[in-house]
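Encoded as structure tokens, the structure appears first; notes follow it.
Residue numbers (our numbering), protein chains in the order written: chain H, 40 to 360; chain S, 2 to 444.
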């Protein structure tokens with residue numbers, strides 16, 4: 040009896056000894072993902088008011104030929120550099136998007152800066168920027184011009200300069216094909232709708248449809264992906280962008296009747312070079328007059344938005360500060 | 002034994018008195034067994050028995066301690082080898098994923114369909130990664146939860162990549178957004194898991210390398226205590242019996258000393274071999290793995306910088322950081338893997354050209370051509386391929402070396418792990434034999 044006890048005790052002790060230092064490791068900790076804190080968008084400062092946001096700087100006489108820019112002007116600088124640097128979108132179909140087959144970035148916005156580069160007699164370098172980058176890249180001078188479906192408004196005029204209006208867009212909404220909604224007001228409160236970060240579309244959505252949940256993505260493409268993944272119910276944005284989205288997704292439709300804002304597009308430039316803004320306005324006048332504007336419109340938008348209307352009339356009268 | 006046979010005759014030798022009388026006499030005897038034990042340990046023979054039990058038990062304990070020490074060192078060597086293999090596996094997963102992602106991000110850069118070879122490389126890398134994940138989950142149960150999580154994130158990643166391809170195939174620009182999301186999911190969800198896995202396995206390897214020497218503590222401490230006890234037994238016997246040396250007990254002590262010396266030498270030699278491996282082959286393996294991961298990361302960032310077309314400064318900063326890490330790690334293996342240095346230096350030079358073309362000269366198209374082109378010796382793609390091959394070969398060699406060296410060190414150990422207990426028992430029997438000679442004289 041006693042011997043058995045001793046044997047059992049010895050065996051137990053032996054097991055205990057060999058057990059220590061064996062391969063019982065703690066499980067590898069799985070890193071926890073930081074949960075993005077949802078900051079409720081600030082109710083916002085009231086948009087700046089100004090008399091006429093559309094007013095730009097009037098061109099100074101006829102368009103100078105390449106090589107005859109006044110010394111010290113920004114055009115002369117660009118000419119010397121040999122290329123115009125433009126900030127554009129690469130995922131807004133028909134405005135500025137990368138053609139997957141050729142790899143080239145093309146669209147209506149791109150045609151505008153192409154015309155500017157041509158008038159300057161320089162190469163065109165395209166830099167892809169996201170929606171919230173539009174103002175910062177102009178302020179820090181890393182691009183000369185931004186052509187990225189940017190709405191002219193007083194708020195932005197306080198930081199950058201705009202060309203005269205080159206396209207009149209309006210905000211509409213895109214919903215699934217199966218939805219019967221005739222307006223965003225038909226959607227139940229809390230429905231998630233995507234708009235690009237830092238865009239006027241976002242401000243308008245918040246202003247007009249307070250009960251909907253506004254979700255943002257960095258680019259127009261980002262919104263379409265969220266829509267296709269079912270993470271948002273619909274997208275709100277410029278009719279041009281939405282037409283491009285709908286063209287890529289047969290299960291989406293744009294709500295036809297509801298257009299709840301005017302979005303006049305302008306080319307963005309730095310406030311430091313009013314002479315360049317004047318020059319660009321001259322170029323826009325030229326292409327509106329000689330039919331290039333119309334040709335480009337028909338090429339990119341006719342299929343979705345109908346044949347080209349008359350180009351928007353330029354408004355001038357602003358005096359460089 | 003001697004007690005039970007000799008004691009009863011003493012008690013029962015008187016002629017049988019009436020049974021009433023025997024009962025009171027017998028009862029106290031049986032009710033106080035401690036009295037018998039005291040009697041057994043009484044006087045000089047009793048002390049001898051005590052010393053005998055103590056020494057014999059100590060000898061057996063020494064055997065157990067020696068076995069335990071060897072088993073511990075042997076186990077630590079085995080585990081260091083296994084954990085190194087696991088670490089190499091995890092880093093292999095990491096390399097395959099960043100390499101696959103470099104392929105995927107390159108698909109952004111060039112128009113049209115991706116080249117079949119590039120697609121094949123992507124598929125192979127993903128297949129290899131998923132094979133390694135299964136192997137790693139089998140090899141280390143502690144990694145299973147993290148690897149399972151990793152598998153989930155890769156399903157998402159691969160789903161997004163395929164969706165991007167499907168859209169691209171239809172000529173829809175939205176494909177590039179899916180690709181961007183795929184890359185982001187890999188960066189934000191998968192790579193942190195791999196970092197955690199690498200960290201956990203590196204610390205396990207470190208623990209096991211540290212533990213290889215611990216086996217000798219059992220052996221040395223067990224041996225010294227046993228020798229002290231045996232020496233005391235010899236001294237005590239010599240004093241009591243006026244005989245200088247009890248040969249069997251001395252033999253037991255010699256056996257313990259021998260085991261201690263031979264075992265200790267073997268363990269310390271294995272320990273120093275392991276230390277050598279840790280300082281050289283293992284350090285090289287770590288450095289090469291880290292260099293490869295950082296290099297692929299740099300290559301991905303080169304593509305991302307180009308994809309961003311001018312607004313990719315953050316990616317270029319990331320490139321610089323990764324490239325500095327590669328330089329640092331390659332410096333460690335400069336002597337042992339010289340073949341890796343040249344292609345890396347060449348790649349860095351080409352990268353500088355690419356940045357110059359893109360950022361300074363505004364020739365984005367030329368920069369892309371140099372980045373993804375396949376001209377031998379002038380394009381980043383091929384030079385990087387050279388680096389990949391050279392570093393993979395060196396990594397294979399060093400990681401094999403680690404495993405060979407560690408298993409050699411392990412196989413060089415004398416079989417004290419299972420001989421320990423028999424040695425202890427033999428020593429205990431010798432002690433018992435030696436003591437029983439003296440005990441016999443008191444019978």
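Virtual Cβ for every residue (Gly too), placed ideally from N, Cα, C.
For residue j and residue i, believed in contact at Cβ under 8 Å, the rounded distance
i                      : j                      : result
residue 126 of chain H : residue 161 of chain H : Contact doesn't hold; Cβ gap of about 16 Å is too wide.
residue 98 of chain H  : residue 324 of chain H : 7 Å
residue 220 of chain S : residue 66 of chain S  : 7 Å
residue 308 of chain H : residue 199 of chain H : 7 Å
residue 174 of chain S : residue 165 of chain H : Between residue 165 of chain H and residue 174 of chain S the Cβ distance is about 14 Å, and since that is not below 8 Å, they are no contact.
residue 353 of chain S : residue 342 of chain S : 17 Å between Cβ atoms; not a contact.
residue 233 of chain H : residue 89 of chain H  : The Cβ separation is near 29 Å, so there is no contact.
Closest Cα partner of residue i within the set the options
i                      : options                    : result
residue 184 of chain S : S:126, S:102, S:283        : S:102
residue 167 of chain H : H:93, H:134, H:198, H:158  : H:134
residue 279 of chain S : S:119, S:85, S:150         : S:85
residue 77 of chain S  : S:181, S:210, S:90         : S:210
residue 278 of chain H : H:119, H:190, H:124, H:69  : H:190
residue 231 of chain S : S:443, S:438, S:429        : S:429
residue 318 of chain H : H:70, H:157, H:68, H:63    : H:157
residue 437 of chain S : S:242, S:62, S:203, S:355  : S:242
residue 433 of chain S : S:196, S:53, S:72, S:48    : S:53
residue 151 of chain H : H:280, H:336, H:111        : H:336
residue 361 of chain S : H:265, H:181, H:148, H:298 : H:181
residue 173 of chain H : H:137, H:188, H:149        : H:188
residue 309 of chain S : S:208, S:334, S:365, S:340 : S:365
residue 301 of chain H : H:263, H:267, H:315, H:239 : H:239
residue 355 of chain S : S:346, S:383, S:97, S:368  : S:368
residue 222 of chain S : S:431, S:265, S:282, S:379 : S:265
residue 107 of chain H : H:255, H:64, H:236, H:159  : H:159
residue 350 of chain S : S:413, S:339, S:379, S:108 : S:379
residue 87 of chain S  : S:190, S:136, S:337        : S:136
Alpha carbon of residue i to alpha carbon of residue j, nearest angstrom
i                      : j                      : result
residue 269 of chain H : residue 164 of chain S : 15 Å
residue 133 of chain S : residue 91 of chain S  : 8 Å
residue 333 of chain H : residue 322 of chain H : 14 Å
residue 1 of chain S   : residue 422 of chain S : Here chain S has residues from 2 to 444 only, and residue 1 of chain S is not among them.
residue 68 of chain S  : residue 400 of chain S : 30 Å
residue 344 of chain S : residue 218 of chain H : 58 Å
residue 92 of chain H  : residue 306 of chain H : 13 Å
residue 157 of chain S : residue 151 of chain S : 10 Å
residue 184 of chain H : residue 195 of chain H : 14 Å
residue 169 of chain H : residue 79 of chain S  : 53 Å
residue 111 of chain S : residue 153 of chain H : 21 Å
residue 303 of chain H : residue 198 of chain S : 53 Å
residue 415 of chain S : residue 267 of chain S : 7 Å
residue 376 of chain S : residue 356 of chain H : 56 Å
residue 363 of chain S : residue 122 of chain H : 8 Å
residue 383 of chain H : residue 340 of chain H : Absent from the model: residue 383 of chain H. The displayed extent of chain H is 40 to 360, so no value can be given.
residue 154 of chain S : residue 147 of chain S : 11 Å
residue 67 of chain H  : residue 276 of chain H : 45 Å
residue 260 of chain S : residue 49 of chain S  : 26 Å
residue 61 of chain S  : residue 234 of chain S : 15 Å
residue 140 of chain S : residue 202 of chain S : 12 Å
residue 350 of chain H : residue 320 of chain H : 13 Å
Nonlocal neighbours in the same chain, by C-beta distance under 7 Å from residue i, ignoring five residues either side
i                      : result
residue 228 of chain S : 254, 257, 258
residue 99 of chain S  : 294, 297, 298, 301
residue 93 of chain S  : 133
Close beta carbons around residue i, own chain, < 8 Å, minus the five adjacent residues each side
i                      : result
residue 269 of chain S : 214, 217
residue 285 of chain H : 213, 291, 292, 293, 343
residue 396 of chain S : 89, 286, 289, 290, 293
Contacts around residue i, its chain only, beta-carbon distance under 6 Å, and the 5 residues preceding and following it disregarded
i                      : result
residue 260 of chain H : 130
residue 250 of chain H : 228
residue 299 of chain H : 210, 247
Chain H contacts from the region 420-438 of chain S (Cβ-Cβ distance under 8 Å): Residues: none.
Contact set between the region 159-186 of chain S and chain H, restricted to residues whose Cβ is under 7 Å from the partner: Here the close residues are 169, 172, 173, 174, 175, 176, 177, 178, 179, 182.
Near-chain S residues of the region 128-156 of chain H - C-beta to any C-beta below 9 Å: The residues in question are 129, 130, 131, 132, 136, 137, 138, 139, 140, 141, 142, 143, 144.
Selection of the region 283-311 of chain H by Cβ proximity to chain S, strictly under 7 Å: Residues 287.
Where the region 62-73 of chain H meets chain S: residues whose CB sits under 9 Å from a CB there: So the list reads 62, 63, 64, 65, 66, 67, 68, 69, 70, 72, given in the order they occur along the chain.
Cβ-based contacts, 7 Å cut-off: residues of the region 285-314 of chain S near chain H: From the region 285-314 of chain S, only 309, 310, 311, 312 have a Cβ closer than 7 Å to chain H.
Residues in the region 178-206 of chain H having any Cβ partner in chain S nearer than 7 Å: Within the region 178-206 of chain H, no residue has a Cβ lying closer than 7 Å to any Cβ of chain S.
Residues of the region 248-263 of chain H with Cβ closer than 8 Å to any Cβ of chain S, in chain order: Along the region 248-263 of chain H, going in chain order, the ones with a CB nearer than 8 Å to a CB of chain S are 258, 260, 261, 263.
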